[in-house]
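Some notes on the structure that comes next.
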Amino acid sequence: MSLDNNKVKEIAYLARLSIENSELEQSTKELNNILSLMDQLGEIDTGDAEPMAHPLEMSQRLRDDQVTEDDLSEEFQEIAPKTGNNHFLVPTVIE
Amino acid sequence: MMHNLTIAEQIKGLKSRDFSSLELTEHYLSRIDDSELNAFISVTSEQALTQAKMADSILAKGNASGLTGIPYAHKDIFCTKGVKTSAGSKMLDSFISPYDATLSEKLNSQNMVMLGKTNMDEFAMGSSNENSYYGSVKNPWDTKKVPGGSSGGSAAAVASRISPFATGTDTGGSIRQPASLCGITGLKPTYGRISRYGMIAYASSLDQAGPMTRTAEDSAIILNAMAGFDERDSTSANKSVPDYTKNLSKSLKGLKIGLPKEYFSEGLDKGVERVIIQAIKDYEAMGAEIIEVSLPNSMNAIPAYYIVAPCECSSNLSRFDGVRYGYRCDDPKDLNDLYLRSRSEGFGDEVKRRIMIGAYALSAGYYDAYYLKAQKVRQLISEDFKKAFKEVDVIMGPVSPTPAFELGSIKDSVSMYLADIYTLSVNLAGLPGMSIPAGFSDNLPIGLQLIGNHWSEELLLNTAHQFQLKTDWHNASPVD
Amino acid sequence: MTWETVIGLEIHSQLKTKSKIFSGASTAFGATANTQACAVDLGFPGVLPVLNQEAVKMALRFGLSINATINKNSIFARKNYFYPDLPKGYQISQFEIPIVGNGVIDISLEDGENKIVGITRAHLEEDAGKSIHDMYDEFTAIDLNRAGTPLLEIVSDPDMSNAKEAVAYAKKIHALVQYIDICDGNMQEGSFRCDANVSVRKHGDKLGTRAELKNINSFKFLEKAINLEVERQIDILEDGGSVVQETRLYDSIKNETRSMRSKEEANDYRYFPDPDLLPVAISEEVLLEIKKSLPELPTEKKLRFVEKLGLSSYDAEILTSQKEVADYFEIIINKGADAKLSANWVMGELSAALNKNQVEINDSPISANELFSLISRITDSTISGKIAKDVFKLMWEGNGSVDEIIEKQGLKQMTDTNALESIIDDVISNNLDQVQQFRDGNLKLLGFFVGQVMKATQGKANPKQVNQVLNEKLT
Numbered sequence: 000m001s002l003d004n005n006k007v008k009e010i011a012y013l014a015r016l017s018i019e020n021s022e023l024e025q026s027t028k029e030l031n032n033i034l035s036l037m038d039q040l041g042e043i044d045t046g047d048a049e050p051m052a053h054p055l056e057m058s059q060r061l062r063d064d065q066v067t068e069d070d071l072s073e074e075f076q077e078i079a080p081k082t083g084n085n086h087f088l089v090p091t092v093i094e
Numbered sequence: 000m001m002h003n004l005t006i007a008e009q010i011k012g013l014k015s016r017d018f019s020s021l022e023l024t025e026h027y028l029s030r031i032d033d034s035e036l037n038a039f040i041s042v043t044s045e046q047a048l049t050q051a052k053m054a055d056s057i058l059a060k061g062n063a064s065g066l067t068g069i070p071y072a073h074k075d076i077f078c079t080k081g082v083k084t085s086a087g088s089k090m091l092d093s094f095i096s097p098y099d100a101t102l103s104e105k106l107n108s109q110n111m112v113m114l115g116k117t118n119m120d121e122f123a124m125g126s127s128n129e130n131s132y133y134g135s136v137k138n139p140w141d142t143k144k145v146p147g148g149s150s151g152g153s154a155a156a157v158a159s160r161i162s163p164f165a166t167g168t169d170t171g172g173s174i175r176q177p178a179s180l181c182g183i184t185g186l187k188p189t190y191g192r193i194s195r196y197g198m199i200a201y202a203s204s205l206d207q208a209g210p211m212t213r214t215a216e217d218s219a220i221i222l223n224a225m226a227g228f229d230e231r232d233s234t235s236a237n238k239s240v241p242d243y244t245k246n247l248s249k250s251l252k253g254l255k256i257g258l259p260k261e262y263f264s265e266g267l268d269k270g271v272e273r274v275i276i277q278a279i280k281d282y283e284a285m286g287a288e289i290i291e292v293s294l295p296n297s298m299n300a301i302p303a304y305y306i307v308a309p310c311e312c313s314s315n316l317s318r319f320d321g322v323r324y325g326y327r328c329d330d331p332k333d334l335n336d337l338y339l340r341s342r343s344e345g346f347g348d349e350v351k352r353r354i355m356i357g358a359y360a361l362s363a364g365y366y367d368a369y370y371l372k373a374q375k376v377r378q379l380i381s382e383d384f385k386k387a388f389k390e391v392d393v394i395m396g397p398v399s400p401t402p403a404f405e406l407g408s409i410k411d412s413v414s415m416y417l418a419d420i421y422t423l424s425v426n427l428a429g430l431p432g433m434s435i436p437a438g439f440s441d442n443l444p445i446g447l448q449l450i451g452n453h454w455s456e457e458l459l460l461n462t463a464h465q466f467q468l469k470t471d472w473h474n475a476s477p478v479d
Numbered sequence: 000m001t002w003e004t005v006i007g008l009e010i011h012s013q014l015k016t017k018s019k020i021f022s023g024a025s026t027a028f029g030a031t032a033n034t035q036a037c038a039v040d041l042g043f044p045g046v047l048p049v050l051n052q053e054a055v056k057m058a059l060r061f062g063l064s065i066n067a068t069i070n071k072n073s074i075f076a077r078k079n080y081f082y083p084d085l086p087k088g089y090q091i092s093q094f095e096i097p098i099v100g101n102g103v104i105d106i107s108l109e110d111g112e113n114k115i116v117g118i119t120r121a122h123l124e125e126d127a128g129k130s131i132h133d134m135y136d137e138f139t140a141i142d143l144n145r146a147g148t149p150l151l152e153i154v155s156d157p158d159m160s161n162a163k164e165a166v167a168y169a170k171k172i173h174a175l176v177q178y179i180d181i182c183d184g185n186m187q188e189g190s191f192r193c194d195a196n197v198s199v200r201k202h203g204d205k206l207g208t209r210a211e212l213k214n215i216n217s218f219k220f221l222e223k224a225i226n227l228e229v230e231r232q233i234d235i236l237e238d239g240g241s242v243v244q245e246t247r248l249y250d251s252i253k254n255e256t257r258s259m260r261s262k263e264e265a266n267d268y269r270y271f272p273d274p275d276l277l278p279v280a281i282s283e284e285v286l287l288e289i290k291k292s293l294p295e296l297p298t299e300k301k302l303r304f305v306e307k308l309g310l311s312s313y314d315a316e317i318l319t320s321q322k323e324v325a326d327y328f329e330i331i332i333n334k335g336a337d338a339k340l341s342a343n344w345v346m347g348e349l350s351a352a353l354n355k356n357q358v359e360i361n362d363s364p365i366s367a368n369e370l371f372s373l374i375s376r377i378t379d380s381t382i383s384g385k386i387a388k389d390v391f392k393l394m395w396e397g398n399g400s401v402d403e404i405i406e407k408q409g410l411k412q413m414t415d416t417n418a419l420e421s422i423i424d425d426v427i428s429n430n431l432d433q434v435q436q437f438r439d440g441n442l443k444l445l446g447f448f449v450g451q452v453m454k455a456t457q458g459k460a461n462p463k464q465v466n467q468v469l470n471e472k473l474t
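Protein sequence lines correspond, in order, to chains Y, P and C. According to numbering that gives the first Met the number 0, the first sequence is numbered sequentially starting from 0. According to numbering that gives the first Met the number 0, the second sequence is numbered sequentially starting from 0. According to numbering that gives the first Met the number 0, the third sequence is numbered sequentially starting from 0.
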């Protein structure tokens, strides 16, 4: 599976990363290099092995439905890039 | 010299008032100041001195617990309240964490003294600590060489004795490999042993914190303080914590040691091989039985890991978007611009590569061929170990195929990835693993890897400790 | 004219837990922005989710009440996309294995017919925060209080064929989630949100391309939006065009739908199991315990009202559609009141008064006990049904209890038969013409006589008695 420049641009956008056109060629080469490593997976016969999402066989623990968190909004907003009127601000979004 | 004492010795020294925590702390802070290894991103001197004084007053009262007053270096991947937490990245260069990781809380509650946050590969992605926004870390044994990564700063700090121990994290070998390259003892416990809450996530199903010390005994002491169930982490195991220092002195007679035949093939450097084989002989002399085992899916660990980890990280790193904290680009003109520039300017190249690989592997049409397939291979690798552990107690082998390499010598990602061959499968299977100093090649340290079955940290520490009673490698120092 | 409509509804029901699905922050409505968004909700580096037990129980309550398959090991998955009110850059949801599988629910249509609607699945997920676009000119303001609130997303099969059916289904689910106490159903506050997937096709053709309608916060708008959309799609197709698969926002002011410049445009969500969470195991014991704790469901209650209380299907449907109404009604019945009479009063006078004054039944100034007393006074002939309406009005305005009002206003029905007879005799003797006409066959005049008697007795005569005596004396 080899990626072309356009596909790389697509993937980058999916991850909200931008690649300068001048670097695109290089990035594509690097990614393809890594991909050929990953493609080795295709040659492995995994038989009927189940996919392993977690190394430990545990079930999800459940939490009591209690309010345990205090209002720390002031401290949290102190480190935010831009806030106003208790809100986090981003450039206007048009829906 | 205080810095040549082990933690066990420092604890005694503090208790018998041979020196105070303040003296110990000032000593280390001064050594850190003189160090040119770039092992630290932040040095928290003021806070450290305050903590040391507090520790001294507790020690004076006579009811101090084990680690009171012991200084340590904290990998900059752990959130520390009120202190910069950067994960080695420009993205978090301005991030003063508003909360403490569980691990940070635990060590604080022991009244320990945090010297500072150590340098690391950005977001834990790397094997040489050359991927840090804050510059590379140097190997104390040869400053032209890499210390290993991603916990390169922690390893260099402990090896150069500018901190008695350091915390590290290991996702594909990031504790064990730098420990090996710097000649110290590094332990990655069983997945779920130590809380991940507040530990900036790289690959959630693989990440695990662990102690980096000079000795196995020190490692056991620290593990006692780090381990334990945390209700804030759903992947934290609800298993009691034994006293890891209790059974260090058990005899190794009859211990069955497995040597995977796949680990001793052509790629292995001759110098490394020599050291490992000698170490095995030493174990034989202690009464252990050496058995050949097979881990047939070993080589498959590389493609499996380099799909699972990027997939998980591509999602874990989506939260870095310039909205609520961290780096935001200047004058974003719209939302897309905000995302694209904040992320592209904030992340380094290796991080961006892995995010893109992950995004691709999870995208429509590729999920089955990559992510799902990788998780199946993971199952196979896990079964290999299960089978092997039916015949042996501990598996041993190299940590890294070569000793520390030159800074800047490995330019392409894939070559760097291939060097993780011995460590990756341990994370994929969630098993505990250690690296202990076992010798030198070309004057550079070589580590021996010990791999145990789930929850066998006691056995691993015992096995490591016995080796350190019989050999002197762990006492070798690149400094006076 | 042979266009068929296919509608499926996706309903997001906010579960009324105290804390969020994955964190211990409060879910209370109306707090100052961002004061109920903790570190986990804000997606700080290193934070982790832990699952709220109550959210799981509520999802199971729903699953059991629609007789659905319960998946004993469901998985949380990450739905990855970028939007400022989605702090982690992914939403924790369920994808391949949701907690609730296939179920069914029956709905009553306007013509009294029943229809069975299939429910494909219901899964747990976290809500996103809120984006406010009109607070600033150059900025969008983000409030993350809502981020992390538990949602149950209920997906219907595409079984509905017109807007009215869709509304009936939505109303049924709306009533059900309140019945089983998992959601407060407050559509104004956003606790219950309906999205409709609408497509049209010619009879016999395969399914047409569907559009998704969002931003609908009332049943009235749901019906309007669907009808608009059906028209729009038919227009396009009849003109030879084709329908684009897209998301459309309903604008209730302009009464139109428009294409959303979507945050989800061409999005590849890259679903994968969330590695911070483990499979949710549900045991038989837990299911049994929850099943036992479920209240009598609307369908069962309706059946009981029809079979045991003898009410009509129509009446039973109305009385059981909201739990508060059913509960109110049952208090009255359980005290021994006549079912039909009580049904008439609850659906008639009470309902009218509640609607007129925009009051919910739980806030009714006349309690169920008090209404029972009123009904008893009719049954025991203390007052007539007509007088009872006056008493009702006075009770509503807070003029005291039933008996107090009857006493004070002197409204007791006449019981003295002799007095009544003499009044009737008077009426007859004063209206001899009409008596003759009645005897000649104009039987309708009975009403006139009854009216006269009621007037003479100021309404206090017992109408039944009046009728009876009049009939005797006139014939």
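Here a beta-carbon is modelled for each residue, glycine too, at the ideal position from N, C-alpha and C.
Contacts around HIS453/P, its chain only, beta-carbon distance under 8 Å, and the 5 residues preceding and following it disregarded:
Taking the first residue of the second sequence as position 1, residue 453/P is located at position 454. Within the same chain, HIS453/P has close Cβ partners THR189, GLY429, LEU430 and PRO431.
Going by other Cβ atoms of all chains shown within 10 Å of its Cβ, with 16 needed for buried, is ILE252/C buried or exposed?
In the third sequence, residue 252/C corresponds to position 253, counting from 1. Around the C-beta of ILE252/C, fewer than 16 other C-beta atoms lie within 10 Å, and the residue is accordingly described as exposed.
DSSP three-state label for ASN113/C, please.
Position 114 of the third sequence, counted from the start, is the residue given in the question as residue 113/C. It is a strand residue.
Does DSSP put SER372/C in a helix, in a strand, or in coil?
Residue 372/C sits at position 373 when you count from the first residue of the third sequence. The answer is helix: DSSP assigns SER372/C an H, G or I state.
Go through its chain and collect everything with a Cβ distance to SER161/C's Cβ below 7 Å, but skip five positions before and after it.
Locating residue 161/C in the third sequence gives position 162, counting from the first residue. Here residue 161/C is Asn; the residue named in the question, Ser, does not match the sequence. The answer, listed in chain order, is THR4.
Residues of the segment 75 to 92 of chain C with a CB closer than 7 Å to any CB of chain P: list them in chain order, please.
ARG77, ASN79, PHE81, PRO83, PRO86, LYS87, GLY88 and TYR89
Pick out whichever of ASN130/P, LEU114/P and ALA178/P has its Cα sitting closest to the Cα of ASP120/P.
Locating residue 120/P in the second sequence gives position 121, where the first residue counts as 1. Per the Cα distances, ASN130/P.
If you measure from the beta carbon of GLU68/Y to each beta carbon in chain C, is any gap under 7 Å?
By one-based count along the first sequence, residue 68/Y stands at place 69. So, interface residue.
By a C-beta neighbour count over all protein chains shown, 10 Å radius and 16 as the cutoff for buried, is ALA541/P buried or exposed?
Because chain P spans 0 through 479 in this model, residue 541/P falls outside it and cannot be assessed.
Check this for me: beta carbons of GLY45/C and MET198/P, under 7 Å apart or not?
By one-based count along the third sequence, residue 45/C stands at place 46. By one-based count along the second sequence, residue 198/P stands at place 199. Yes.
List the residues of chain Y whose Cβ lies closer than 9 Å to the Cβ of ALA280/C, in chain order.
For the purposes of this step, residue 280/C is taken as residue 281 along the third sequence, with counting starting at 1. Listed by position along chain Y, the residues whose Cβ is nearer than 9 Å to that of ALA280/C are SER58 and GLN59.
Name the chain C residues that come within less than 9 Å of PRO80/Y, Cβ to Cβ?
Taking the first sequence and counting its residues from 1, one reaches residue 80/Y at position 81. Simply none; closest approach about 12 Å.
For the beta strand (DSSP E) containing HIS86/Y, name the first residue and the last one.
For the purposes of this step, residue 86/Y is taken as the residue at position 87 of the first sequence. From DSSP, the beta strand (DSSP E) with HIS86/Y extends over 86 to 90.
Does any C-beta atom of chain Y lie closer than 7 Å to the C-beta of ASP367/P?
Numbered from 1 along the second sequence, position 368 holds the residue referred to as residue 367/P. Under the Cβ distance rule, ASP367/P does not count among the residues neighbouring chain Y, no pair being separated by less than 7 Å.
Any idea if GLN321/C is buried or exposed, counting beta-carbon neighbours within 10 angstroms, 16 or more meaning buried?
Translated into the one-based positions of the third sequence, residue 321/C becomes position 322. Burial call: buried.
For chain P, check one thing: does any of its Cβ atoms lie closer than 7 Å to the Cβ of TYR97/C?
Numbered from 1 along the third sequence, position 98 holds the residue referred to as residue 97/C. A small fix is needed here, since residue 97/C is Pro in this sequence, not Tyr. Chain P, which has no Cβ nearer than 7 Å to the Cβ of PRO97/C, makes this no.
Using a beta-carbon distance below 7 Å, is ASN48/Y in contact with chain C?
Here residue 48/Y corresponds to residue number 49 of the first sequence, with the count starting at 1. One point to set straight first is that residue 48/Y is Ala, not Asn, in the sequence displayed. So no, ALA48/Y is outside the interface.
Would you mind sorting GLY185/P into buried or exposed? The rule is 16 or more other CB atoms within 10 Å of its CB.
Mapped onto the second sequence, residue 185/P falls at position 186. GLY185/P comes out buried.
Run through chain Y and tell me which residues come within less than 8 Å of SER204/P, C-beta to C-beta.
Residue mapping note: residue 204/P aligns to position 205 of the second sequence, counting from 1. Within chain Y, the residues near SER204/P are ALA52, HIS53 and PRO54.
Within 7 Å of chain P by C-beta, residues of the segment 241 to 271 of chain C in sequence order
Within the segment 241 to 271 of chain C, the residues whose Cβ lies closer than 7 Å to some Cβ of chain P are ASP267, ARG269 and PHE271, listed in chain order.
If you pair each beta-carbon of the segment 9 to 16 of chain C with each one of the segment 140 to 155 of chain C, do three or more pairs fall below 8 Å?
yes
What does ASP126/C touch in chain P if you count any residue whose Cβ is under 9 Å from its own?
Working through the third sequence from its first residue, we reach residue 126/C at position 127. Per Cβ cutoff of 9 Å: no residues; ASP126/C is ~17 Å from chain P at best.
Under the three-state reduction of DSSP, which class applies to ASN196/C: helix, strand or coil?
Counted from its first residue, the third sequence places residue 196/C at position 197. Residue state, collapsed to three classes: strand.
Cβ of ASN299/P within 7 Å of any chain Y Cβ
Working through the second sequence from its first residue, we reach residue 299/P at position 300. When Cβ-Cβ separations below 7 Å define contact, ASN299/P makes contact with chain Y.
With DSSP collapsed to three states, give me the class of SER18/C.
Counted from its first residue, the third sequence places residue 18/C at position 19. SER18/C: strand per DSSP, three-state reduction.
Under 7 Å Cβ to Cβ from VAL478/P, same chain only, skipping five residues before and after it: list those, please.
Start at 1 with the first residue of the second sequence, and residue 478/P comes out as number 479. Cβ within range, chain order: PRO139, SER159 and ARG160.
If the cut-off is 9 Å on Cβ atoms, which residues from the segment 301 to 332 of chain P count as contacting chain Y, listed in chain order?
ILE301, PRO302, ALA303, TYR305, ILE306, PRO309, SER313, LEU316, SER317, ASP320, GLY321, VAL322, ARG323, TYR324, GLY325, TYR326, ARG327, PRO331 and LYS332
Please decide whether ALA38/C counts as near chain P, where near means a Cβ-Cβ distance under 7 Å.
Sequence index remark: in the third sequence, residue 38/C carries index 39 (1-based). Yes, ALA38/C lies at the interface with chain P (some Cβ there is under 7 Å from its Cβ).
Please report the straight-line C-alpha distance between TYR502/P and PHE18/P, rounded to a whole angstrom.
Any question about residue 502/P goes unanswered here, given that chain P covers just 0 to 479.
Report, in whole angstroms, the separation of the C-beta atoms of VAL49/C and PHE21/C, which I expect to be a contact under 8 Å.
Within the third sequence, numbered from 1, the residue matching residue 49/C stands at position 50. Within the third sequence, numbered from 1, the residue matching residue 21/C stands at position 22. Contact holds; Cβ gap of about 6 Å.
Measuring straight from C-alpha to C-alpha, what distance separates LYS411/C and ASP379/C?
Start at 1 with the first residue of the third sequence, and residue 411/C comes out as number 412. Start at 1 with the first residue of the third sequence, and residue 379/C comes out as number 380. Distance between the alpha carbons of LYS411/C and ASP379/C: 11 Å.
Minimum Cβ-Cβ distance from LEU88/Y to chain C less than 7 Å
Within the first sequence, numbered from 1, the residue matching residue 88/Y stands at position 89. Yes, LEU88/Y lies at the interface with chain C (some Cβ there is under 7 Å from its Cβ).
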